[in-house]
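Protein sequence lines, in the order shown, are assigned to chains G and B.
Its first residue numbered 1, the first sequence is counted upward by one per residue in our numbering.
Its first residue numbered 478, the second sequence is counted upward by one per residue in our numbering.
Ideal placement from N, C-alpha and C gives every residue a C-beta, glycine not left out.
All of these numbers come straight from a predicted model, not from anything done at the bench.
Below is one structure, written out as structure tokens, with a few remarks after it.
Protein chains: 2
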Amino acid sequence: MSEEKLPKQSENFSEWYNQLIQRAELADYAPVRGCMVVRPYGWALWENIQKALDKRFKETGHVNAAFPMFIPMSFLEKEKEHVEGFSPELAIVTIGGGQTLEEPLVVRPTSETIIGHMYAKWVKSYRDLPILINQWANVVRWEMRTRMFLRTLEFYWQEGHTAHETAEEAEEETLKILNLYADFAINEAAVPVIPGIKSEAEKFAGANKSYTIEAMMLDTKALQSGTSHNLGQNFAKAFEIQYLDRNNELQYAWTTSWGVSTRFVGAIIMSHGDDQGLILPPRLAPIQIVIVPIFKNDDDREKVMKVVRDLEKDLAQFRVKVDDRDNLTPGFKFNDWEMRGVPLRLELGPRDVDNQTVVVAQRDIPGKSGKLFLPMENLASQLETILNDFHDRLLKKATDFRDSHIFEPNNYVEFQEVVQNGWAYVYWCGDAVCETAIKNETKATTRCRPLGQEKSHGKCIYCGKDAEYKTYFAKAY
Amino acid sequence: MSEEKLPKQSENFSEWYNQLIQRAELADYAPVRGCMVVRPYGWALWENIQKALDKRFKETGHVNAAFPMFIPMSFLEKEKEHVEGFSPELAIVTIGGGQTLEEPLVVRPTSETIIGHMYAKWVKSYRDLPILINQWANVVRWEMRTRMFLRTLEFYWQEGHTAHETAEEAEEETLKILNLYADFAINEAAVPVIPGIKSEAEKFAGANKSYTIEAMMLDTKALQSGTSHNLGQNFAKAFEIQYLDRNNELQYAWTTSWGVSTRFVGAIIMSHGDDQGLILPPRLAPIQIVIVPIFKNDDDREKVMKVVRDLEKDLAQFRVKVDDRDNLTPGFKFNDWEMRGVPLRLELGPRDVDNQTVVVAQRDIPGKSGKLFLPMENLASQLETILNDFHDRLLKKATDFRDSHIFEPNNYVEFQEVVQNGWAYVYWCGDAVCETAIKNETKATTRCRPLGQEKSHGKCIYCGKDAEYKTYFAKAY
Numbered sequence: 001m002s003e004e005k006l007p008k009q010s011e012n013f014s015e016w017y018n019q020l021i022q023r024a025e026l027a028d029y030a031p032v033r034g035c036m037v038v039r040p041y042g043w044a045l046w047e048n049i050q051k052a053l054d055k056r057f058k059e060t061g062h063v064n065a066a067f068p069m070f071i072p073m074s075f076l077e078k079e080k081e082h083v084e085g086f087s088p089e090l091a092i093v094t095i096g097g098g099q100t101l102e103e104p105l106v107v108r109p110t111s112e113t114i115i116g117h118m119y120a121k122w123v124k125s126y127r128d129l130p131i132l133i134n135q136w137a138n139v140v141r142w143e144m145r146t147r148m149f150l151r152t153l154e155f156y157w158q159e160g161h162t163a164h165e166t167a168e169e170a171e172e173e174t175l176k177i178l179n180l181y182a183d184f185a186i187n188e189a190a191v192p193v194i195p196g197i198k199s200e201a202e203k204f205a206g207a208n209k210s211y212t213i214e215a216m217m218l219d220t221k222a223l224q225s226g227t228s229h230n231l232g233q234n235f236a237k238a239f240e241i242q243y244l245d246r247n248n249e250l251q252y253a254w255t256t257s258w259g260v261s262t263r264f265v266g267a268i269i270m271s272h273g274d275d276q277g278l279i280l281p282p283r284l285a286p287i288q289i290v291i292v293p294i295f296k297n298d299d300d301r302e303k304v305m306k307v308v309r310d311l312e313k314d315l316a317q318f319r320v321k322v323d324d325r326d327n328l329t330p331g332f333k334f335n336d337w338e339m340r341g342v343p344l345r346l347e348l349g350p351r352d353v354d355n356q357t358v359v360v361a362q363r364d365i366p367g368k369s370g371k372l373f374l375p376m377e378n379l380a381s382q383l384e385t386i387l388n389d390f391h392d393r394l395l396k397k398a399t400d401f402r403d404s405h406i407f408e409p410n411n412y413v414e415f416q417e418v419v420q421n422g423w424a425y426v427y428w429c430g431d432a433v434c435e436t437a438i439k440n441e442t443k444a445t446t447r448c449r450p451l452g453q454e455k456s457h458g459k460c461i462y463c464g465k466d467a468e469y470k471t472y473f474a475k476a477y
Numbered sequence: 478m479s480e481e482k483l484p485k486q487s488e489n490f491s492e493w494y495n496q497l498i499q500r501a502e503l504a505d506y507a508p509v510r511g512c513m514v515v516r517p518y519g520w521a522l523w524e525n526i527q528k529a530l531d532k533r534f535k536e537t538g539h540v541n542a543a544f545p546m547f548i549p550m551s552f553l554e555k556e557k558e559h560v561e562g563f564s565p566e567l568a569i570v571t572i573g574g575g576q577t578l579e580e581p582l583v584v585r586p587t588s589e590t591i592i593g594h595m596y597a598k599w600v601k602s603y604r605d606l607p608i609l610i611n612q613w614a615n616v617v618r619w620e621m622r623t624r625m626f627l628r629t630l631e632f633y634w635q636e637g638h639t640a641h642e643t644a645e646e647a648e649e650e651t652l653k654i655l656n657l658y659a660d661f662a663i664n665e666a667a668v669p670v671i672p673g674i675k676s677e678a679e680k681f682a683g684a685n686k687s688y689t690i691e692a693m694m695l696d697t698k699a700l701q702s703g704t705s706h707n708l709g710q711n712f713a714k715a716f717e718i719q720y721l722d723r724n725n726e727l728q729y730a731w732t733t734s735w736g737v738s739t740r741f742v743g744a745i746i747m748s749h750g751d752d753q754g755l756i757l758p759p760r761l762a763p764i765q766i767v768i769v770p771i772f773k774n775d776d777d778r779e780k781v782m783k784v785v786r787d788l789e790k791d792l793a794q795f796r797v798k799v800d801d802r803d804n805l806t807p808g809f810k811f812n813d814w815e816m817r818g819v820p821l822r823l824e825l826g827p828r829d830v831d832n833q834t835v836v837v838a839q840r841d842i843p844g845k846s847g848k849l850f851l852p853m854e855n856l857a858s859q860l861e862t863i864l865n866d867f868h869d870r871l872l873k874k875a876t877d878f879r880d881s882h883i884f885e886p887n888n889y890v891e892f893q894e895v896v897q898n899g900w901a902y903v904y905w906c907g908d909a910v911c912e913t914a915i916k917n918e919t920k921a922t923t924r925c926r927p928l929g930q931e932k933s934h935g936k937c938i939y940c941g942k943d944a945e946y947k948t949y950f951a952k953a954y
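Structural data, given as structure tokens:
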């Protein structure tokens, strides 16, 4: 850890983010432009995200598989909107085994095309449907402006690809996954996302409908944190995914795709962090509890370490780290683990051993007011409650922050003002002309029309024409 | 599943292997030459392999991370033997975002170079050592002759990369991992591997020493199933991984690397399968127990299915599948699951319900002799024992097969004969000239000199000169 101070979140959010990622050893810059190395602490966080999602996928009947990362260029060209959307961002292999390839291979930016090709081979009858496959994979998009976790050339994600008998089933799946994502974000990451539908302009290249979970970061910018797409029959027609239905007639299947990526790590950092550094949500934190032993001489050392080792065993149900580094002071360790966002710190000195107590510092409540003085007895169950409360507090804090930065301006002048430091929730006529004008004039884009919104009547914030739904507008990552 | 019969293992091992993989839906051919799609059943097997290895890595202090798959061409050139070994097999990205790249990017064939570059940045002092990092990744080697799982252009693996203070520690790590691999192979996959050291000619490009676990397949060919390399200071010097030692002097670190890949799925298939199809080792099998309900009318159906559903819950500690497909006969299902290698099949009909019994068919013992008739009471603990016995039987059978196909020929004429259908364990002088001559004349290569072998005295099987160690020779995948 560097001795220099972290930039203040409130003063330079962007530098705070960049430096924090490096100092907390979540990730580092790779020697290839726009790529990152995800370091062990960052990868452990991602592994916990993976576990939480994978469990939910499997509980809802999905299975994992692996499709090749190389896709023939011609495959991308089969779906017109898809190739238009992705061709500026492709990395292309032109040489293999010392030879120039006859057909260049694209490094997958996403896998609808190659998976569509395989589904066409596997699906013959309605009995073969639904197919509910997910893969955990790396993908590449040749972005010009990159940011750690938020937008890197190579990133890690899961991409689900399903095929169904009917349009209704495909829509049901798309929404089921959207709700699964929202449940994960809220109940695992304490990130209060808003599930909704994307505008035509913002949807996935090749989709009929794109749904999203949108989160507000602490600089009030929006982060699209996961998407679920209803692809209709677009890819089924492009790749000839056909099946004999219950009446023995040939039909095209209905497909969906959906993904959450390492971008979500960015969502966690920017939803909860503070001037001291990260604050990690307890259910995903690689280390939930750090134990810092405190002693001044060798006698005390032995006395304290014995109890610390016992404690470590008693707390085996949690992800615990004992910081027994002997070349650092307790004070340094406190700062270090605070910066790394560990939810709870247990401090244990000789007097605590005598009294059979322990000091618990809660990362999200600075100073003395966040300290708890607990009896050792029954510590695990006390800590379980404390961690759950911690999660609830994080979620409430992030929700309150978000809600206090969502505005409902009455006119476009007010709109222009509020989107400088918040989201606007306003009627919009749905016309891409207004959407583009707003984007050009304010940098705010449509984020989503939230699910479950009743149709109502109002005037478009931009053109004043009749509008039936309200939409979130915000500057976004 | 196709209705055509699987080729007999004894008649056409190679076709048996290829067709079985497709029929059991482990994998399928991808639209890119030499690539495979790992289907859900195959990927579930790989996930179980991953879990078993990852658990062992973490227990021995290793952590996971992720390094980029794109490596600047110049990095590979920094270690002379490494670039010579890998350059014929590279896939190269020359175009990114529509532009020709100034420096082409190699799609990683392995990651020593890019990881070496990062370690040089991270390591300053002896306090930063050891670094014990693993990654689960996809890699690409442009092979001309490919086989599902055994040799594909893109494959999946874990690659561990460690850096240490001393030569001794690096050697200790290399051997620790080799033994970890052997433990995994034997105790999880029931594949009786022989751990040993590779010859100079067969070692990894850039290593000082390469260790291997070698397994005998049922056609008696050898399969290198995992490798662990002591890289000495070769990569540390090429990438300047230097640290200040305890005397404040600058030293090069000592590094290792080690990997097990999806090739291991091939090892499992070819170690245990038979004419009926796969036989999967119970600790890794995606489905350990399949329950096939048997009934002829709707009354019986209800009666049987109720008990089947209860059973499914009682056996939640296992990976259980209930085959309730209503368009297939029990006989068809029996064959189908046998082909897919599920260790145990529970058959349950109305009479079993009345008697509170269940029929258990064991995949590795064909026909009636493999059937057990068990009381329902306490079934889970009975099945636990049965699965452990199954594992032990598989391991013993594979070990017996291997041992009965290892020969110790007295002269080169006998040698040439035995390597046609087995391995030869013979004195070899260690000279690459003899090794090459043997390879050219018999297609048998040195597999390894087994660990723990005492030095002794004999004559090289080829040149007759003095030799101190015996080495395994075999035809290999």
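Using the beta-carbon count (16 or more within 10 Å), is residue i buried or exposed?
i, result
"residue 101 (chain G)", "buried"
"residue 220 (chain G)", "buried"
"residue 958 (chain B)", "Not covered by the structure: residue 958 (chain B). The range shown for chain B is 478 to 954."
"residue 266 (chain G)", "buried"
"residue 621 (chain B)", "exposed"
"residue 701 (chain B)", "buried"
Report yes if the CB atom of residue i is closer than 9 Å to the CB atom of residue j, and no otherwise.
i, j, result
"residue 824 (chain B)", "residue 807 (chain B)", "yes"
"residue 591 (chain B)", "residue 539 (chain B)", "no"
"residue 955 (chain B)", "residue 918 (chain B)", "Beyond the ends of chain B as shown, which are 478 and 954, falls residue 955 (chain B); an answer cannot be given."
"residue 506 (chain B)", "residue 605 (chain B)", "no"
"residue 289 (chain G)", "residue 250 (chain G)", "no"
"residue 745 (chain B)", "residue 814 (chain B)", "no"
"residue 448 (chain G)", "residue 198 (chain G)", "yes"
Any beta carbon from chain B within less than 9 Å of residue i's own beta carbon?
i, result
"residue 339 (chain G)", "no"
"residue 1 (chain G)", "With a pLDDT of 47 at residue 1 (chain G), under the threshold of 50, the modelled position of this residue cannot be trusted; read the value that follows with caution. No, residue 1 (chain G) does not count as interfacial toward chain B."
"residue 429 (chain G)", "no"
"residue 280 (chain G)", "no"
"residue 145 (chain G)", "no"
"residue 121 (chain G)", "yes"
"residue 138 (chain G)", "yes"
"residue 67 (chain G)", "yes"
Verify the CB distance criterion: does residue i have a CB-CB separation below 9 Å to chain G?
i, result
"residue 626 (chain B)", "no"
"residue 505 (chain B)", "yes"
"residue 633 (chain B)", "yes"
"residue 547 (chain B)", "yes"
"residue 850 (chain B)", "no"
"residue 586 (chain B)", "no"
"residue 740 (chain B)", "no"
"residue 747 (chain B)", "no"
If you follow the beta strand (DSSP E) that residue i is in, where does it begin and where does it stop?
i, result
"residue 193 (chain G)", "Looking at the DSSP string, residue 193 (chain G) is not in any beta strand (DSSP E), and its letter there is neither H nor E."
"residue 505 (chain B)", "504 to 506"
"residue 821 (chain B)", "821 to 825"
"residue 616 (chain B)", "608 to 617"
Starting from residue i, follow the alpha helix (DSSP H) in both directions and report where the run begins and ends.
i, result
"residue 768 (chain B)", "Counting along the chain, residue 768 (chain B) falls outside any alpha helix (DSSP H), though it belongs to the beta strand (DSSP E) covering 766 to 770."
| said: Does the contact criterion of 3 or more C-beta pairs under 8 Å hold for the stretch 677 to 696 of chain B versus the stretch 648 to 655 of chain B? | reply: The stretch 677 to 696 of chain B makes contact with the stretch 648 to 655 of chain B, as at least three CB pairs between them are under 8 Å.
**Request:** Report yes or no: do three or more beta-carbon pairs, one from the stretch 369 to 387 of chain G and one from the stretch 398 to 417 of chain G, lie closer than 8 Å?
**Result:** No: fewer than three Cβ pairs fall under 8 Å.
Is the stretch 569 to 583 of chain B touching the stretch 180 to 195 of chain G in the sense that three or more CB pairs, one from each, lie closer than 8 Å? Because the criterion of three Cβ pairs below 8 Å is not met, the stretch 180 to 195 of chain G and the stretch 569 to 583 of chain B do not touch.
Per the contact definition of three or more C-beta pairs closer than 8 Å, is the stretch 226 to 237 of chain G in contact with the stretch 499 to 513 of chain B?
These segments do not touch.
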